[in-house]
Structures are given as structure tokens and as C-alpha cells.
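Data block below; observations after.
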Amino acid sequence: MMPIRWWMKWGISYAFSHLPHGRHLYEKMLRRFGELSQVSSSTRFRNAEVLLKMGRRWCGGVDGQHVVELGTGWVSAVPLGFGLAGARVDTFDISCLIADDLFLQVREVYRNRSEQLARASGTAPEKIHQRLQLIEQAHSFAEACQLLGGSYHAPFDTTTLPFKDGEVDMVISNLVLQCVPKDVIPLLLKESWRILKPGGIALHRIRMSDEYSPPGSGRNHLEYLKYSERIWNRWFNHSLKHINRLRAPQFLELFQEHGFDCLECIRKVDHQSIPHLQQLTLAPPFRRMSKEDVATTNINVVLRKIAIPEKKHSATTKGFNFFPLFPMDVPIMFF
Ligand SMILES: C[S@@+](CC[C@H](N)C(=O)[O-])C[C@H]1O[C@@H](n2cnc3c(N)ncnc32)[C@H](O)[C@@H]1O
Numbered sequence: 108m109m110p111i112r113w114w115m116k117w118g119i120s121y122a123f124s125h126l127p128h129g130r131h132l133y134e135k136m137l138r139r140f141g142e143l144s145q146v147s148s149s150t151r152f153r154n155a156e157v158l159l160k161m162g163r164r165w166c167g168g169v170d171g172q173h174v175v176e177l178g179t180g181w182v183s184a185v186p187l188g189f190g191l192a193g194a195r196v197d198t199f200d201i202s203c204l205i206a207d208d209l210f211l212q213v214r215e216v217y218r219n220r221s222e223q224l225a226r227a228s229g230t231a232p233e234k235i236h237q238r239l240q241l242i243e244q245a246h247s248f249a250e251a252c253q254l255l256g257g258s259y260h261a262p263f264d265t266t267t268l269p270f271k272d273g274e275v276d277m278v279i280s281n282l283v284l285q286c287v288p289k290d291v292i293p294l295l296l297k298e299s300w301r302i303l304k305p306g307g308i309a310l311h312r313i314r315m316s317d318e319y320s321p322p323g324s325g326r327n328h329l330e331y332l333k334y335s336e337r338i339w340n341r342w343f344n345h346s347l348k349h350i351n352r353l354r355a356p357q358f359l360e361l362f363q364e365h366g367f368d369c370l371e372c373i374r375k376v377d378h379q380s381i382p383h384l385q386q387l388t389l390a391p392p393f394r395r396m397s398k399e400d401v402a403t404t405n406i407n408v409v410l411r412k413i414a415i416p417e418k419k420h421s422a423t424t425k426g427f428n429f430f431p432l433f434p435m436d437v438p439i440m441f442f
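If you count by our numbering, then the sequence shown holds residues 108 to 442, one letter each, in order.
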């Protein structure tokens, strides 16, 4: 079968976003040809393990922790993985995407993946088995969340979360922050800061590449940075997909401005795409960045809530400061 080209992927989602019942049609397409066609091989299970390892490294594990997830998505591997590892997970999404059959498939995968889950989280395998037994009779993801002490809320406006100040141990997100409109990110960060305990931890995995252009789609996954903001918003952002195109240093600066200390930033730079980037005319905001920063396609960050710093009235807080690309005191690793 001919691999799907980037413009087909874009064209279909754009067309669906303008049709009545377009979301339903889009889901049908994802189930037939896309990431929902084979939940058992979804990368989300490994993503969940990466986040659990981060939680283990920085908090000694998630068992007994109160965790809030932003952006549940379609495949509930992350919230269910945290719940099975012993966290009380309250998960929120602006859209209600999880269907019962998708939840049942995720639970089935975890039945066969409990050892990996135990290794990643540091939770005893027997405890994971007990929790799997507990959710055996659940028919929906919401029911499973409740049985594990948590909850699922969608659709929900995540800029106002139903928690008191300082009530939560950990805020997490997997592949969500790149999908949130630029003007909403500060509101999400403010709200995360408010609900976290002093010294509470936030774990975010962010992907910064063009989702229409995976390998085999006929174009490089960083070529989307050539469009002006106006063209990008007009033609590529719509009700079914929104990508803000922020780069790693911009995210790090936003975290810092909103009262988070970055304890760890593991980043992946796509060095192979750098020669391609050099031949492109990038849109103005990206031209001033180093090629390495533009070609950073993934970051996994561990943040700690600190007191909000005095508003700095430097140029860096008005726009983005592209030059000190990563604050010098952030430990940056590569994967
Ligand atoms: C690429 S999906 C990732 C979903 C999930 N975390 C996963 O690992 O599969 C991005 C998700 O972010 C959600 N989202 C976008 N903006 C949001 C917001 N402001 N608050 C909560 N969720 C949001 C979308 O509805 C979508 O489910």
C-alpha cells in the first residue's frame, strides 16, 4: 500500500474539521488506518513507562501520590499506568476522546505488560496484579479511574481545576503541551502551580515536530517551521488538531516565568534534519534560534514548584529570549 503523504493527512483532517460530525469521521479514520488501529502496539505504553521512571527518580515512585494529568487523549495508557502503579490519578481533557472499547484494549495490554510496569514504577508486581483485579469488572475508563481512587473529566476546561491550592503532589502530561494554543499555556501553568504542593513536581513530555509529516510522508518533519504564523494558523490549526510550534527554549522560559525550577531536561535533537533546515527559509521567529534548538524534537522535563519570581521587566519576558537557549543551571541530557 502506498504510504500516506503529508498533504493527504493534512487535507483529510482539514476537510473533516469543516464537516458536520467531522470529529466522528476523523475518529473512524484513526481507527481504520491510524494510531487507534492497533492499540496494543501504541507507543503510549512506553511513554507511560518513561514518565513512571521520571516519577521514580525524582519522587521515589508514584505509589500513594495524588497525580493530576492534563490531556488524557484517546489511549489511556498513561493515566491507567499511573493508577495501576498506585497513584490516585485525576485526569482531564478538553475533549472527551476515550471510548469504552479503547479502554478495554488498554487494560488488556496491561495484563500482559505488568512486569514492565512494575520495573518502571518500582511498584511490587503483586500490587499491580491486585489493582488489575480491582478494575476487572470496570466497563469504562471513568469507572476504572474511580475504582483506583481517581477520576476522568472530559470535556473539561483545564484552566480551572477543581482542587484547593497546594493539594496535589504531581502534575503530568504526555504529548499535550505542543497541542495547547500559545495563549492558553500560561493559564495551564498558573493553574498547575496553584494546585501543586510547595515543592510539588510536574513531569511533561513534549513533542515538537510536524504530526502530518512522519517518516515516509514525503517531507521532513521540521519543514512546517517555514510557514508564517498567519498561514500556519489559517490552514493547519483547526478544531481537530492544534500545534503551537513552540520550541524547547520557549517552553523552558515559560516554565521558569510561571514559578517552576527545571530539575531535568532530557532532549532529543534531530541532527540529521539540520542540513535540510539550512536550505529552508524558516519563518521569522525560528530564524533567530540555533539550528540545534530548532531541531530539538522532543523534551522530557521535570519541574519543581518554587516561589514565583519577581516579574522581570527585561526583553525576555515580553517576547521569547532565543539566545541564552537553555538556562545555564538546567541539567540538559540527550536521548
Ligand atoms: C496528542 S494528544 C495526547 C493525549 C495523551 N496524553 C496521550 O498520551 O495519548 C493531545 C491531547 O491534549 C488534549 N488537549 C489539548 N488542549 C488541552 C487543554 N487545554 N487541556 C487539556 N487537554 C488538552 C487534546 O484534547 C488531546 O487529547
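Even glycine gets a Cβ: it sits at the ideal position worked out from N, Cα and C.
Since the structure is predicted, the reported quantities are computational estimates derived from the model, not experimental observations.
Pick from Asp-170, Leu-209, Lys-289 and Trp-300 that is closest to Val-182, judged by C-alpha positions: Leu-209
Specify, as a first and last residue, the run of the alpha helix (DSSP H) that Glu-360 falls within. 355-364
Based on the DSSP output, what are the partners of Leu-126 in its beta bridges? DSSP lists no partner for Leu-126.
C-alpha distance - Leu-211 paired with His-246, whole-angstrom precision: 8 Å
Secondary structure at Leu-241, three-state DSSP: helix, strand or coil? helix
Within the continuous alpha helix (DSSP H) that includes His-383, where are the two ends? 381-385
Helix or strand or just coil, what does DSSP make of Val-216? helix
Do you know offhand how far Ser-316's Cα is from Pro-382's? 16 Å
Pro-269 classed as buried or exposed, judged by whether at least 16 other C-beta atoms fall within 10 angstroms: exposed
For Ser-147, count neighbouring C-beta atoms within 10 Å of its own C-beta (all shown protein chains included) and say buried if the count is 16 or more, exposed if not. exposed
Closer than 7 Å, CB to CB, is His-236 near chain B or not? No chain B is part of this structure, which consists of one protein chain only.
Between which residues of its own chain and Gly-178 is the CB-CB distance below 6 Å, once the five residues before and five after are set aside? Asp-200, Ser-280 and Val-283
Where Asp-197 sits in the DSSP three-state scheme: strand
Say yes only if the C-beta of Val-89 is nearer than 6 Å to one or more non-hydrogen atoms of ligand 1, and no if none qualify. As shown, the chain starts at 108 and ends at 442. That puts residue 89 outside it, with no answer to give.
By DSSP's criteria, Glu-176 is part of a beta bridge. Which residues make up the other side? Thr-198 and Ile-279
Helix, strand or coil at Glu-371 according to DSSP, with G and I counted as helix: strand
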